[in-house]
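Trainee:
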Amino acid sequence: MVLIVGREMRIPKIEETVGFVGDNNTEIREFEITDSSLFDFDFKLDLKVKASIGIVDLEKIIEPERVILRWRIGKEHLPEKGMLFAQLRAFKDTDEVWHSEKGQFWIDEGINATEYFPSPLPSEFEQMEQRVTASKNQTLEAAQQVFENTAAVATNAQTVAEKTGIVVQKAFEVDLNTQAVAQNTISALESANTASSSLSDLLNMLGTDVATLTGGKLTPSQIPALSINDVFEVGDTDEMLTLTAQRGDVALIIPDDTVTDSYILAADDACVLANWKKLGVSYVANAGHAVTADNATDSTMINGHRVVYMTQEQYDIAVKDPDTVYMVGVE
Numbered sequence: 078m079v080l081i082v083g084r085e086m087r088i089p090k091i092e093e094t095v096g097f098v099g100d101n102n103t104e105i106r107e108f109e110i111t112d113s114s115l116f117d118f119d120f121k122l123d124l125k126v127k128a129s130i131g132i133v134d135l136e137k138i139i140e141p142e143r144v145i146l147r148w149r150i151g152k153e154h155l156p157e158k159g160m161l162f163a164q165l166r167a168f169k170d171t172d173e174v175w176h177s178e179k180g181q182f183w184i185d186e187g188i189n190a191t192e193y194f195p196s197p198l199p200s201e202f203e204q205m206e207q208r209v210t211a212s213k214n215q216t217l218e219a220a221q222q223v224f225e226n227t228a229a230v231a232t233n234a235q236t237v238a239e240k241t242g243i244v245v246q247k248a249f250e251v252d253l254n255t256q257a258v259a260q261n262t263i264s265a266l267e268s269a270n271t272a273s274s275s276l277s278d279l280l281n282m283l284g285t286d287v288a289t290l291t292g293g294k295l296t297p298s299q300i301p302a303l304s305i306n307d308v309f310e311v312g313d314t315d316e317m318l319t320l321t322a323q324r325g326d327v328a329l330i331i332p333d334d335t336v337t338d339s340y341i342l343a344a345d346d347a348c349v350l351a352n353w354k355k356l357g358v359s360y361v362a363n364a365g366h367a368v369t370a371d372n373a374t375d376s377t378m379i380n381g382h383r384v385v386y387m388t389q390e391q392y393d394i395a396v397k398d399p400d401t402v403y404m405v406g407v408e
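So the sequence shown is numbered by my numbering: it starts at 78 and just counts up by one.
Shown next as structure tokens:
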């Protein structure tokens, strides 16, 4: 690639020789221009070797950040051996013209053995040379085609082997997936059977081992006896019979903030008085719910009877009062 920097033509050493006299369309030289102000110009290449002068119409290739000018070197550009001077000439419709500096190429001279034969050469010799050359070229082309076909066959064989391996692998994966599906189907059936059995067991346990709800509440008949005990405070037994109670609940009769009686429900129906069993009322309850009898306001009375404590000896000689409760200490 010949670089155009400013006006300078920088020619790589390896591209200085453009061919031999008589060469035709076997060499290409490209010129790179990065000066964007020249992108809109048309270009020609002016050539001079000794007294021979020529003009080349360059192929222009426009890229985003550069322009490439391509010179296809024909035999008319290589008229004789010697230094070939080349200069780019740019122009456009506005009469603007731009020139690069001159670059130097070299045209070499071949042996051209045919020039040493007597002239004119027999036409048969020229025809034979052409046939030999054509046969050689055909042989080379055939050999190249055989080589390419062999490579293609090898590539196709490799491709077939790879595709066969892929097919075998996919078949193996399909077999594994089929086994997995079968195993999953068995597991699903086992899980379904287990779930069905569990559901059947649960339904059988409802109302016996598992409590159910009635109106959003536990069914009283399914609650074990004495599992929940409530204590109700009512004014009298009539009010007691209106309670929503269950077996084991206790009702305290408290007409004037004093416990006078207590009942426990012994059967399921709380509306029947016979189902309520009366409990004894303790002295502490009649004594104003005192923590101890000594602290009660009427601690010397039990159910309206006077309480007297004495020894056995005192009790034996005492005159007994039927309204008095005697408490005798034991020695």
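Just so you know, even glycine gets a beta-carbon here, dropped at the ideal spot from N, CA and C.
What are the partner residues of residue 401, as DSSP defines its beta bridges?
Mentor: Position 324 of the sequence shown, counted from the first residue, corresponds to residue 401. Looking at the DSSP assignment, residue 401 forms a beta bridge with 383.
Trainee: For residue 303, collect the residues of the same chain with a Cβ closer than 7 Å to its Cβ; drop the 5 residues on either side in sequence, then sort them by chain order.
Mentor: For the purposes of this step, residue 303 is identified with residue 226 of the sequence shown, where counting begins at 1. With a pLDDT of only 48 at residue 303, under the threshold of 50, the placement of this residue in the model should not be trusted; the figure read from the coordinates follows. Correct list, in chain order: 325.
Trainee: Which residues does DSSP pair with residue 291 in a beta bridge?
Mentor: Position 214 of the sequence shown, counting from 1, holds the residue named residue 291. Paired residues: 294.
Trainee: If you follow the beta strand (DSSP E) that residue 107 is part of, which residue opens it and which one closes it?
Mentor: Counting from one through the sequence shown, the residue named residue 107 turns up at place 30. Start and end: 104-110.
Trainee: Decide if residue 208 is buried, meaning its Cβ has at least 16 other Cβ atoms within 10 Å, or exposed.
Mentor: Stepping through the sequence shown from its first residue, residue 208 is reached at position 131. With fewer than 16 other Cβ atoms within 10 Å, it is exposed.
Trainee: Taking C-beta to C-beta, are residue 159 and residue 126 nearer than 8 Å?
Mentor: Here residue 159 corresponds to residue number 82 of the sequence shown, with the count starting at 1. Here residue 126 corresponds to residue number 49 of the sequence shown, with the count starting at 1. Contact: yes.
Trainee: Note down, in chain order, each residue of its chain lying with its Cβ closer than 7 Å to the Cβ of residue 143, except the 5 sequence neighbours on either side.
Mentor: Translated into the one-based positions of the sequence shown, residue 143 becomes position 66. If we look at residue 143 and ignore the five residues flanking it on each side, its Cβ neighbours are 109, 110, 111.
Trainee: Is the separation between the beta-carbon of residue 148 and that of residue 106 shorter than 8 Å?
Mentor: Residue 148 sits at position 71 when you count from the first residue of the sequence shown. Residue 106 sits at position 29 when you count from the first residue of the sequence shown. In this structure, residue 106 lies closer than 8 Å to residue 148 by Cβ.
Trainee: Leaving aside the five residues before and after residue 309 along the sequence, list all residues of the same chain whose C-beta is less than 8 Å from its C-beta, in chain order.
Mentor: The residue labelled residue 309 in the question sits at position 232 within the sequence shown. Excluding positions up to five away in sequence, the list reads 317, 320, 322, 326, 327, 328, 329.
Trainee: Identify whether residue 79 lies in helix, strand or coil by the three-state DSSP scheme.
Mentor: Locating residue 79 in the sequence shown gives position 2, counting from the first residue. Of the three classes helix, strand and coil, the one that applies to residue 79 here is strand, per DSSP.
Trainee: Is the region 92-102 close to the region 129-136, with three or more CB pairs under 8 Å?
Mentor: Verdict: no, contact absent.
Trainee: Label residue 397 either buried or exposed according to how many other C-beta atoms from any shown protein chain fall within 10 Å of its C-beta, with 16 as the threshold for buried.
Mentor: For the purposes of this step, residue 397 is taken as residue 320 along the sequence shown, with counting starting at 1. Residue 397 is exposed by the Cβ-count criterion.
Trainee: Less than 6 Å between C-beta atoms, sequence neighbours within five positions excluded: which residues of the same chain meet that for residue 307?
Mentor: For the purposes of this step, residue 307 is taken as the residue at position 230 of the sequence shown. 326.
Trainee: Along the chain, where does the alpha helix (DSSP H) that runs through residue 340 open and close?
Mentor: Stepping through the sequence shown from its first residue, residue 340 is reached at position 263. First-last for residue 340: 338-342, but that is the beta strand (DSSP E), not the alpha helix (DSSP H).
Trainee: Using alpha carbons as the reference points, say which of 177, 406, 187, 249 lies closest to residue 388.
Mentor: Your numbering for residue 388 matches position 311 in the sequence shown. Out of 177, 406, 187, 249, 406 has the C-alpha closest to the C-alpha of residue 388.
Trainee: Which residue from 337, 346, 349, 344 puts its Cα closest to that of residue 356?
Mentor: Walking along the sequence shown from the start, residue 356 turns up at place 279. The shortest C-alpha separation from residue 356 is found at 337.
Trainee: Bridge partners for residue 176 per DSSP, in chain order?
Mentor: The residue labelled residue 176 in the question sits at position 99 within the sequence shown. Answer is 166, bridged to residue 176.
Trainee: Look at residue 95 and residue 182 and say whether their C-beta atoms are less than 8 Å apart.
Mentor: Taking the first residue of the sequence shown as position 1, residue 95 is located at position 18. Taking the first residue of the sequence shown as position 1, residue 182 is located at position 105. Yes.
Trainee: Alpha helix (DSSP H) containing residue 316: first to last residue?
Mentor: Numbered from its first residue, the sequence shown carries residue 316 at position 239. Element bounds for residue 316: 314-317.
Trainee: Beta carbon of residue 118, beta carbon of residue 139: below 8 Å?
Mentor: Residue mapping note: residue 118 aligns to position 41 of the sequence shown, counting from 1. Residue mapping note: residue 139 aligns to position 62 of the sequence shown, counting from 1. Not a contact, by the Cβ cut-off of 8 Å.
Trainee: From the DSSP output, in three-state form, read off residue 181 for me.
Mentor: As a working note, residue 181 is residue 104 in the sequence shown. If DSSP states are grouped into helix, strand and coil, residue 181 belongs with the strands.
Trainee: Let me make sure I understand the geometry here. Which of 264, 167, 394, 345 has the alpha-carbon closest to that of residue 177?
Mentor: The sequence position of residue 177 within the sequence shown is 100, counting from 1. With distances taken between Cα atoms, residue 177 lies closest to 167.
Trainee: Going by the C-beta, is residue 313 closer than 7 Å to any heavy atom of the ligand SAM?
Mentor: Because no ligand of any kind appears in the structure shown, any question about the ligand SAM cannot be addressed here.
Trainee: Could you tell me the distance, in whole angstroms, from the CA atom of residue 171 to the CA atom of residue 186?
Mentor: Locating residue 171 in the sequence shown gives position 94, counting from the first residue. Locating residue 186 in the sequence shown gives position 109, counting from the first residue. One C-alpha to the other measures close to 42 Å.
Trainee: Which of the three DSSP states, helix, strand or coil, is assigned to residue 96?
Mentor: Taking the first residue of the sequence shown as 1, we reach residue 96 at position 19. In the structure shown, residue 96 sits in a strand (DSSP, three-state: E or B).
Trainee: DSSP three-state label for residue 223, please.
Mentor: As a first step, residue 223 must be located in the sequence shown, where it is residue number 146. The answer is helix: DSSP assigns residue 223 an H, G or I state.
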